[in-house]
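**Student:** My questions will all concern the structure given below.
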Amino acid sequence: MNVVVCVKYVPDTEAPIRIRADGRGIEESGLPFKLNYYDEHAVEEALRIKERTGGTVTVVTVGPSTAAQALRQGVAMGADAAIHVEDPALDGADHLGVARALAAAIAAQGCDLVICGKLSTDDNASVVGPALAEFLGFPQATAVTKLELSDGKATAHREVEGAVEILQVVLPAVITVERSINEPRYPSLPGIMRAKRTAIAVKTLGDLGLTLEEAGGVAARTEVLGYAPPPRRQAGRILEGEPVEMVKELVRLLREEAKVL
Amino acid sequence: MSRDVWVLAEYADGRPRKITYELLGKARSLAEELGGQVVALALGSGIQKTSQDLGAHGADVVRVADDPLLGQYTTDAYLAVIEPIVATEQPFLLLVGSTASGRDLAPRLAARMDAGIVTDCAAIDLDRDQVEVTRPVMTRKALARVAFRGEGLRIAVVLPNIFPPAAPDPSRLPEVLPVSVTVDPATVRTQVLEVKAIARETLPLTEADIIVSGGRGLRGPENFSILEELAQALGAAVGSSRPPVDSGWVPHDYEIGQTGKTVNPQLYIACGISGAPQHLAGMSGSRWIVAINKDPQAPIFSIASYGVVGDLFQVLPLLTEEVRKLRGSSRG
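From first to last, the protein sequence lines stand for chains A and B.
Taking the working numbering, the leading residue of the first sequence gets 2, the next gets one more, and so forth.
Taking the working numbering, the leading residue of the second sequence gets 647, the next gets one more, and so forth.
Right, dumping it as structure tokens:
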């Protein structure tokens, strides 16, 4: 089975964020980037499928030149090939533009299954996976916690409100994964060496037969106007002393001040 | 394009989910500003009877697609019903709840209709005919302001527990219009085999007004019963930070944080949780935060409304007892 995994290079979630002085963006100098956390799980799931059924794993990303690092980590984990859609026209593209570019790259490659992380930890949008499925004309299963493949179908478990839903989906399909689906492996030393040697196929929108009006920033239906720090939470009240006294005071505050009891 | 604000109603066991009322409340104020109507789009099986309820909560018009094929959400069947009616009626704005099915459906609908889509909306504002939304990004370390551009449908996927529902007014009677369902079952490429209810989660974490959450400080799976007791007294849901999940004490569906759920309750009680950034990413939007931790240096205290520096094994049973007394007396 040939699996394509979509990956993204995102700021390390542990790192502090600085908003640019003009408020229009996040200061990227000095900000450490990583392979998106959920995408590690997506790569892992694809590698396990390859180990069971044979075939190939291809990682693909849309992003600036630095995003190649995300592809190299995918290869270091065990992916066979990497595609990098890189085009300045994609600056300012919205999530649908990115999904269109990914869909074109995946369609050109051909595959039996596409796996994405359920969201990327920078934008938190969870838009690209289902949008990609639409552009490819594939069915989808999102936020999947368990995946089994047999006879051209996938059985997927997904967490929904108050329940686990088990659904069967016809392949080829787009699956987005939750973190509980697996435990990602670390890149092996030979894998890291191989990642350095593996040629990354770089594609522009033109290479993929897409026009700026289809996928570029000019086509975007949404635009990020700016960023602001979250409202600072007011310094709270710290209670100390005997447990009985603290609890009485806490309950009083919750009733009289917060009015939540 | 119309001036109407549409709400995609979502159901649980045949009744509208809480988020549906919240969306209707927000749609009401937006539609009044726009000079349009509030239209609820209701898909399900046996849901016709909920139309009056949707009207009472703010819908001027309820469009109902009531069909056995829609009893269980599937991406293909729901899209096949929603896309044609939205394409014909051209809402100004469509509000969808940020739920498992909302997040599955809305991006795909946007892709099909070349709509603008913004997810995780925590605020929606109108500036004449410009729609701007605010959403937390970067592990809640920043708020992004996003504007819709261009012509055509706008879709806002809205976080639960942010907007207050309108007080129901049973005298408001909506116009109820049927939506025809002509879906060929053969075109539905996913089949729901089973829905296994999570017994403990009668109140989904994302909908709960009060959440009691436990971390590493609980020391073991058996001690979650202490949280359960407090939660029961409060009518709260129980969650956790990441360490108890990674240690296998509780399943992943408990987890609140960057790699789990995002919650916005009125009251969040963090017990034995240190307050790592990855946890704060999922709960720092809570209205009131209580932290109970024996380490006065724990970062959770820096965002807590009320911090209790103490041993949770002493504090929690006392708190449960106080709440029971309170609830008992308020009933009598």
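A virtual CB, placed ideally from N, CA and C, is assigned to each residue, including glycine.
Based on DSSP bridge pairs, tell me the residues matched to Trp652 (chain B).
**Tutor:** DSSP, once it has assigned bridges, lists B:Val685 and B:Leu740 as partnering Trp652 (chain B).
**Student:** Consult DSSP for Gly978 (chain B) and reduce its assignment to one of helix, strand or coil.
**Tutor:** With a pLDDT of only 38 at Gly978 (chain B), under 50, the local geometry of the prediction cannot be trusted, and no value is derived from it.
**Student:** With a cut-off of 8 Å, do at least 3 Cβ pairs link the stretch 198–216 of chain A to the stretch 754–773 of chain B?
**Tutor:** The answer is no - the stretch 754–773 of chain B does not touch the stretch 198–216 of chain A, with fewer than three Cβ pairs under 8 Å.
**Student:** Where does His703 (chain B) sit, in a helix, a strand or coil, going by DSSP?
**Tutor:** In this structure, His703 (chain B) counts as coil in the three-state DSSP scheme.
**Student:** Using a Cβ-Cβ distance under 7 Å, would Ile949 (chain B) count as near chain A?
**Tutor:** Judged by the 7 Å Cβ criterion, Ile949 (chain B) is in contact with chain A.
**Student:** In the DSSP assignment, what are the bridge partners of Pro12 (chain A)?
**Tutor:** Pro12 (chain A) is bridged to A:Phe34.
**Student:** Would Gly56 (chain A) pass as an interface residue toward chain B - the criterion being a Cβ-Cβ separation below 7 Å?
**Tutor:** No - not a single Cβ of chain B is within 7 Å of the one on Gly56 (chain A).
**Student:** Gly242 (chain A) by DSSP, collapsed to three states: which one?
**Tutor:** Three-state result, Gly242 (chain A): coil.
**Student:** Can you tell which of B:Asp750, B:Thr785, B:Met784 and B:Ala793 has the C-alpha that lies nearest to the C-alpha of Val764 (chain B)?
**Tutor:** Of B:Asp750, B:Thr785, B:Met784 and B:Ala793, the residue nearest in Cα terms is B:Ala793.
**Student:** So, for Thr908 (chain B): in the same chain, excluding its five sequence neighbours on each side, which residues have a beta-carbon less than 6 Å away from its beta-carbon?
**Tutor:** Hits under 6 Å: Gly928.
**Student:** Can you pull the chain B neighbours of Glu165 (chain A), defined as C-beta to C-beta under 7 Å?
**Tutor:** Contrary to the premise, residue 165 (chain A) reads as Val rather than Glu in this sequence. By Cβ distance, chain B contributes Lys842 and Ile844.
**Student:** Residue ranges of each alpha helix (DSSP H) run of no fewer than 4 residues wholly in the stretch 191–250 of chain A, ordered along the chain?
**Tutor:** 213–216, all fully within the stretch 191–250 of chain A.
**Student:** Counting only beta-carbon separations shorter than 7 Å, does Gln837 (chain B) have a partner in chain A?
**Tutor:** So yes, Gln837 (chain B) belongs to the interface.
**Student:** Could you pull out every residue in the same chain whose Cβ sits closer than 6 Å to the Cβ of Leu133 (chain A), ignoring the five residues on either side in sequence?
**Tutor:** Same-chain partners within the cutoff: Ala100, Leu103, Ala104 and Val175.
**Student:** Between which two residues does the alpha helix (DSSP H) containing His620 (chain B) stretch?
**Tutor:** Any answer about residue 620 (chain B) is impossible in this case: the structure gives chain B only from 647 up to 978.
**Student:** List the whole-angstrom C-beta distance separating Asp706 (chain B) from Glu160 (chain A), where the pair is believed to meet the contact cut-off of C-beta under 8 Å.
**Tutor:** Going by Cβ atoms, the distance from Asp706 (chain B) to Glu160 (chain A) rounds to 35 Å, so no, they are not a contact pair.
**Student:** Answer yes or no: does any C-beta atom of chain B fall closer than 7 Å to that of Leu103 (chain A)?
**Tutor:** With 7 Å as the cut-off, Leu103 (chain A) does not count as an interface residue toward chain B.
**Student:** Can you check which of these residues, B:Gly701, B:Arg786 and B:Glu874, is closest to Glu821 (chain B) by C-alpha distance?
**Tutor:** Comparing Cα-Cα distances from Glu821 (chain B) to each of B:Gly701, B:Arg786 and B:Glu874, the minimum goes to B:Gly701.
**Student:** So the candidates are B:Ile935, B:Ala922 and B:Thr905; which of them puts its Cα closest to the Cα of Ala259 (chain A)?
**Tutor:** Answer by Cα proximity: B:Ile935.
**Student:** List the DSSP bridge partners of Cys112 (chain A).
**Tutor:** DSSP output for Cys112 (chain A) lists no bridge partner at all.
**Student:** Any residues in the stretch 755–789 of chain B with a beta carbon nearer than 8 Å to a beta carbon of chain A? Which ones, in chain order?
**Tutor:** Listed by position along the chain: Ala756, Ala757, Arg758, Asp760, Ala761, Gly762, Ile763, Val764, Thr765, Asp766, Glu778, Arg781, Pro782, Val783, Met784, Thr785, Arg786, Lys787, Ala788 and Leu789.
**Student:** Any C-beta of chain A within less than 7 Å: which residues of the stretch 871–902 of chain B qualify?
**Tutor:** Within the stretch 871–902 of chain B, the residues whose Cβ lies closer than 7 Å to some Cβ of chain A are His898 and Asp899, listed in chain order.
**Student:** Determine which residues of the stretch 239–251 of chain A have a Cβ less than 8 Å from any Cβ of chain B, and write them out in chain order.
**Tutor:** Per Cβ criterion, the list reads Ile239, Leu240, Glu241, Pro244, Val245, Met247, Val248, Lys249 and Leu251.
**Student:** Taking only beta-carbon atoms, is Ile18 (chain A) less than 7 Å away from chain B?
**Tutor:** So, interface residue.
**Student:** Arg676 (chain B) to Pro662 (chain B), Cα distance in whole Å?
**Tutor:** Checking the sequence shown, residue 676 (chain B) turns out to be Leu, not Arg. Near 21 Å, if we compare the C-alpha coordinates of Pro662 (chain B) and Leu676 (chain B).
**Student:** With a threshold of 7 Å between beta carbons, is Trp652 (chain B) in contact with chain A?
**Tutor:** No, its Cβ sits nowhere closer than 7 Å to a Cβ of chain A.
**Student:** Could you pull out every residue in the same chain whose Cβ sits closer than 8 Å to the Cβ of Arg238 (chain A), ignoring the five residues on either side in sequence?
**Tutor:** Once the five neighbours on either side are set aside, the close Cβ partners of Arg238 (chain A) are Leu254.
**Student:** List the DSSP bridge partners of Val165 (chain A).
**Tutor:** According to DSSP, Val165 (chain A) bridges with A:Glu160 and B:Lys842.
**Student:** What number of angstroms, rounded off, separates the C-alpha of Leu741 (chain B) from the C-alpha of Pro188 (chain A)?
**Tutor:** Going by the C-alpha atoms only, they are around 42 Å apart.
**Student:** Select from B:Arg674, B:Thr721, B:Val891 and B:Gly743 the residue whose C-alpha is nearest the C-alpha of Ser181 (chain A).
**Tutor:** Closest option to Ser181 (chain A), Cα to Cα, is B:Val891.
**Student:** List the residues of chain A whose Cβ lies closer than 8 Å to the Cβ of Val936 (chain B), in chain order.
**Tutor:** The answer, in chain order, is Leu251 and Leu255.
**Student:** Output, in sequence order along the chain, the residues in the stretch 708–723 of chain B whose CB is closer than 9 Å to any CB in chain A.
**Tutor:** Listed by position, the residues of the stretch 708–723 of chain B near chain A (Cβ gap below 9 Å) are Gln718, Tyr719, Thr720, Thr721 and Asp722.
**Student:** Which of the three DSSP states is assigned to Ser932 (chain B) in this structure?
**Tutor:** Ser932 (chain B): coil per DSSP, three-state reduction.
**Student:** Can you give me the C-alpha to C-alpha distance between Gly217 (chain A) and Gly93 (chain A), rounded to a whole angstrom?
**Tutor:** Taking the straight line joining both Cα atoms gives about 7 Å.
**Student:** So, with DSSP's three-state summary, where would you put Gln837 (chain B)?
**Tutor:** Correct three-state label for Gln837 (chain B): strand.
**Student:** Reducing DSSP to helix, strand and coil, say where Tyr719 (chain B) ends up.
**Tutor:** Note: Tyr719 (chain B) maps to coil in three-state DSSP.
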